[in-house]
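Chemist: So the number in the working numbering is just where the residue sits in the sequence shown, counting from 1, plus 15.
All C-beta atoms in this analysis are idealised placements derived from N, C-alpha and C, irrespective of residue type, glycine included.
Structure in structure tokens, see below.
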Amino acid sequence: MIVLGLSSGTSVDAIDAAAADLTLGDDGVLRMRPRGHTEYAWPRALRERILKALPPAAVDVAEVAQLDTLIGQELGRAGRRAIDDVAGGDVDLVASHGQTIYHWVVGARARGTLQLGNAAWVAEHVKRPVISDFRVADVAAGGHGAPLVSVLDALWLGREDTGADGAGTGLTAALNIGGIANVSLVGRVDDPVTGWDTGPGNCLLDVAVAALTDGRLAYDRDGELAAQGTVDPVALAALLDDPYFAAPAPKSTGRELFDTTYTARRLASVRPGLTGPDLVATLTELTAVSVADALAGRDVRRVVASGGGARNPVLLDRLRAALAERVPHACDVVTSEALGLPVDAKEAYLFALLGFLSAHGLPGTAAGEHRRRATGARRAVVLGSLTPPTPLPWPAASGPVRRLALANTPHGLHPGPRTQGPLPDPTKGTSR
Ligand SMILES: Nc1ncnc2c1ncn2[C@@H]1O[C@H](COP(=O)(O)OP(=O)(O)O)[C@@H](O)[C@H]1O
Ligand SMILES: [Mg+2]
């Protein structure tokens with residue numbers, strides 16, 4: 016089955032699209048052949064509207080309804096284009112994450128989560144069944160609905176048992192550095208997995224860089240500003256003092272906590288004047304140190320980094336340095352690309368995987384600790400909603416998935432550019 020995954024993260028930078036051909040064997044091995052990926056920039060006006068609707072803004076229900084429609088239409092247009100761009104027209108199912116607009120967390124529990132981008136609009140454009148709303152079933156089962164990626168990490172990066180020789184021990188930490196950063200800690204293939212949001216990835220950095228450059232830059236490309244600055248230890252300590260970092264996993268967070276005013280609020284009493292490259296260097300260090308702290312003392316031998324933050328060499332260097340002081344053994348930091356999933360497309364491939372699992376009646380979360388799921392949920396649930404609801408497109412799977420094997424093909428069958436501008440707006444008279 017060929018599934019197109021569509022996603023947009025908390026950075027609201029682009030709609031990521033990736034298509035994968037998935038086949039589940041009788042051996043419980045799900046073979047995934049990446050077909051290609053691309054991304055479509057959000058149209059500027061819609062992106063600004065989405066950002067304006069994120070916390071700490073208060074938006075009215077009319078705006079929410081309109082955004083649900085407009086985002087759904089844009090995802091639909093992107094999906095329709097991507098079916099040709101990355102899959103040669105050959106897609107059976109579209110798995111659409113939507114745009115998170117609010118992730119409702121109270122204390123240690125997620126209470127709800129809202130992704131906009133109405134699936135009826137997506138289905139109208141892509142003319143394929145659409146699975147959407149992946150997170151809420153897990154929240155309803157007592158989980159955080161995040162990070163969902165731990166199921167991919169568990170199936171993909173888990174070690175096969177190596178026997179008594181002791182070779183291949185230790186844990187792999189799969190780290191996605193999007194707006195928010197999350198990790199999955201993976202050991203042997205059948206071991207329970209833990210996954211949680213470590214805190215800010217790029218979100219505070221992006222806000223600081225946009226403010227420093229009057230909106231000229233949306234992010235610190237290749238860590239250039241951070242490299243010119245010096246970390247302010249007092250400011251760093253004040254930022255790290257947030258109780259979120261000390262709270263136990265599983266836990267999830269979002270822009271509700273790490274919002275556009277967060278840095279200024281936390282630094283108001285200690286370093287109100289901190290600005291320029293020093294602020295960028297300090298926020299880069301915050302991401303690196305908060306990730307390394309989350310892994311401190313654990314037998315992590317390998318970090319597999321993905322997300323846009325994996326393109327920031329200063330951030331990865333700071334992470335290597337922070338890890339070296341905190342984990343007991345030498346720990347490699349590599350990118351997911353080195354193992355077959357491009358850093359920009361891992362999340363979109365995740366949704367392709369989740370779409371496949373849901374379409375076959377299989378749960379979309381990995382087994383976690385204490386008889387819970389990796390997301391903290393009490394039980395394994397099939398994620399998402401199918402649009403239209405009938406006919407049911409595929410028979411249920413005959414057994415569970417034990418392992419994910421990436422087909423060993425050269426990546427990126429997509430011949431066009433990896434990054435594409437916004438799609439033409441049909442209401443502005445451009446017909447396609
Ligand atoms: N070359 C780069 N250098 C530094 N940061 C980058 C680079 N490319 C992307 N990023 C960061 O990655 C972010 C997008 O990452 P992404 O994984 O798409 O996050 P999300 O899942 O939240 O949308 C950008 O906002 C930017 O902060
Ligand atoms: Mg993104």
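Measure the alpha-carbon distance for Val74 versus Val224 and round it to whole angstroms.
Modeler: Here residue 74 corresponds to residue number 59 of the sequence shown, with the count starting at 1. Here residue 224 corresponds to residue number 209 of the sequence shown, with the count starting at 1. Going from the Cα of Val74 to the Cα of Val224 covers about 25 Å.
Chemist: May I ask you to report which of helix, strand or coil DSSP gives His118?
Modeler: One-based indexing of the sequence shown puts residue 118 at position 103. His118 falls in the strand class under three-state DSSP.
Chemist: Which residues have their C-beta within less than 5 Å of a heavy atom of ligand 2, listed in chain order?
Modeler: Result (chain order): Gly24, Ser26, Asp28.
Chemist: Applying the criterion that 16 or more other CB atoms from any shown protein chain within 10 Å of the CB defines a buried residue, is Gln243 buried or exposed?
Modeler: By one-based count along the sequence shown, residue 243 stands at place 228. Exposed, by the Cβ-count rule.
Chemist: For ligand 1, I want to know if Tyr234 counts as a neighbour, meaning its beta carbon is within less than 6 Å of at least one of the ligand's heavy atoms.
Modeler: Along the sequence shown, one-based indexing puts residue 234 at 219. Yes.
Chemist: Expressed to the nearest angstrom, what Euclidean distance is found between the alpha-carbon atoms of Arg335 and Pro378?
Modeler: On the sequence shown, position 320 is the one that residue 335 refers to. On the sequence shown, position 363 is the one that residue 378 refers to. In a straight line, the C-alpha of Arg335 is about 34 Å away from that of Pro378.
Chemist: Would you say Leu172 and Val201 are within 7 Å of each other, going by their C-beta atoms?
Modeler: Walking along the sequence shown from the start, residue 172 turns up at place 157. Walking along the sequence shown from the start, residue 201 turns up at place 186. Cβ distance < 7 Å, so Leu172 and Val201 count as in contact.
Chemist: Are the segment 264-277 and the segment 184-196 in contact at 8 Å, needing three or more beta carbon pairs?
Modeler: Contact holds: three or more Cβ-Cβ distances are below 8 Å.
Chemist: The beta strand (DSSP E) that contains Ala35, what's its start and end?
Modeler: Here residue 35 refers to the residue found at position 20 when the sequence shown is read from its first residue. Counting along the chain, the beta strand (DSSP E) containing Ala35 begins and ends at 29-39.
Chemist: Just to confirm my understanding: we take Arg203, look at its own chain, exclude 5 residues before and 5 after, and list those with CB closer than 7 Å. What are they?
Modeler: Here the question's residue 203 lines up with position 188 in the sequence shown. Result list for Arg203: Gly173, Arg174, Asp176, in chain order.
Chemist: With a threshold of 6 Å on Cβ separation, who are the neighbours of Arg281 within its own chain once the five nearest residues in sequence on each side are excluded?
Modeler: The count along the sequence shown starts at 1 and reaches residue 281 at position 266. Excluding positions up to five away in sequence, the list reads Ala253, Leu254.
Chemist: Pairing CB atoms from the segment 279-294 with CB atoms from the segment 152-159, are three or more of them under 8 Å?
Modeler: Result no; under three Cβ-Cβ pairs closer than 8 Å.
Chemist: Return the residue from the list Val145, Pro162, Glu139 that minimises the CA-CA distance to His118.
Modeler: Numbered from its first residue, the sequence shown carries residue 118 at position 103. Checking every option, the nearest Cα to that of His118 belongs to Pro162.
Chemist: Mind checking which residues open and close the beta strand (DSSP E) that includes Ala125?
Modeler: Within the sequence shown, numbered from 1, the residue matching residue 125 stands at position 110. From DSSP, the beta strand (DSSP E) with Ala125 extends over 124-131.
Chemist: Pair every Cβ in the segment 83-98 with every Cβ in the segment 108-122, then say whether three or more of these pairs are closer than 8 Å.
Modeler: At 8 Å Cβ cutoff, the stretches touch.
Chemist: Take Leu129 as the anchor and find which of Pro408, Val295, His159, Ala264 has the nearest alpha-carbon.
Modeler: As a first step, residue 129 must be located in the sequence shown, where it is residue number 114. Of the candidates Pro408, Val295, His159, Ala264, the one whose C-alpha sits nearest the C-alpha of Leu129 is His159.
Chemist: Taking C-alpha atoms, which residue in Ala189, Ser147, Ala363 lies nearest to Ser165?
Modeler: Stepping through the sequence shown from its first residue, residue 165 is reached at position 150. Of the listed residues, the one whose Cα sits closest to Ser165 is Ala189.
Chemist: Can you have a look at Pro49 and say buried or exposed, based on whether 16 or more other CB atoms are within 10 angstroms of its CB?
Modeler: Reading the sequence shown from its first residue, position 34 is the one you call residue 49. By the neighbour-count rule (16 or more Cβ atoms within 10 Å), Pro49 is buried.
Chemist: So what's His426 in DSSP terms, helix, strand or just coil?
Modeler: Stepping through the sequence shown from its first residue, residue 426 is reached at position 411. Since pLDDT at His426 reaches only 47, below the 50 mark, its modelled position is unreliable, and the value read off the structure follows with that caveat. Of the three classes helix, strand and coil, the one that applies to His426 here is coil, per DSSP.
Chemist: Going by Cα to Cα distance, which pick from Gly103, Ala389, Asp83 is closest to Trp136?
Modeler: Translated into the one-based positions of the sequence shown, residue 136 becomes position 121. Answer by Cα proximity: Asp83.
Chemist: Tell me, please, whether the segment 368-382 touches the segment 410-424 by the rule of three or more beta-carbon pairs shorter than 8 Å.
Modeler: Touching, yes.
Chemist: Less than 7 Å between the C-beta atoms of Val101 and Gly20, yes or no?
Modeler: By one-based count along the sequence shown, residue 101 stands at place 86. By one-based count along the sequence shown, residue 20 stands at place 5. Going by C-beta atoms, Val101 is not nearer than 7 Å to Gly20.
Chemist: Here's the rule: buried if 16 or more other CB atoms are within 10 angstroms of the residue's CB, otherwise exposed. What is Thr442?
Modeler: Sequence index remark: in the sequence shown, residue 442 carries index 427 (1-based). Under this definition Thr442 is an exposed residue.
Chemist: To the nearest angstrom, how far is it from the Cα of Pro287 to the Cα of Val249?
Modeler: Here residue 287 refers to the residue found at position 272 when the sequence shown is read from its first residue. Here residue 249 refers to the residue found at position 234 when the sequence shown is read from its first residue. Cα to Cα, Pro287 sits roughly 11 Å from Val249.
Chemist: Is Val208 helix, strand or coil when you go by DSSP?
Modeler: Taking the sequence shown and counting its residues from 1, the one referred to as residue 208 is at position 193. DSSP places Val208 in coil when its eight states are reduced to three.
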